[in-house]
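Only one structure is covered here, and it is reproduced in the block below.
Shown next, in the form of structure tokens:
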């Protein structure tokens with residue numbers, strides 16, 4: 005199952021790159037930059053960017069983790085718009101379910 009999830013994630017990234025940078029009908033963003041990263045952010049946070057290690061520490065700290073805001077648009081493929089796409093059982097951050 006994990007291999008399948010990884011394959012799906014890879015396919016999503018490749019599809020995103022092809023659409024955003026190469027496809028005639030896409031926005032043709034050009035080179036990967038901080039402003040135009042290779043994948044769109046899944047989360048927004050109201051503080052300066054930190055190292056991965058600092059992010060991981062904050063995510064396990066309840067008083068800090070509440071400041072990570074998920075982008076709803078990644079969960080809009082759900083058939084039930086009232087379902088919390090961030091709850092366990094959702095693969096929306098791995099695949100666009």
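Numbering (my numbering), first residue to last: 5 to 101. Glycine included, each C-beta is placed from N, C-alpha and C at the ideal position. No experiment lies behind these values; they were computed from the predicted model shown.
Coarse secondary structure for residue i, derived from DSSP in three states
i: residue 13; result: helix
i: residue 86; result: coil
i: residue 33; result: coil
Range covered by the alpha helix (DSSP H) that runs through residue i
i: residue 60; result: 56 to 63
i: residue 39; result: Taken as a continuous stretch (DSSP letters only), residue 39 belongs to no alpha helix (DSSP H), as it is neither H nor E.
i: residue 68; result: 66 to 69
Sequence-distant residues of its chain with Cβ nearer than 7 Å to residue i (five each side left out)
i: residue 24; result: 30, 31, 33
i: residue 18; result: none
i: residue 86; result: none
Own chain residues within Cβ distance below 8 Å of residue i, not counting five before or after
i: residue 63; result: 69, 72
i: residue 59; result: none
i: residue 49; result: 71, 72, 73
Option nearest residue i by Cα separation, candidates the options
i: residue 41; options: 21, 10, 26; result: 21
Close-in-space but distant-in-sequence residues of the same chain around residue i (CB under 6 Å, 5 per side omitted)
i: residue 36; result: 42
i: residue 8; result: none
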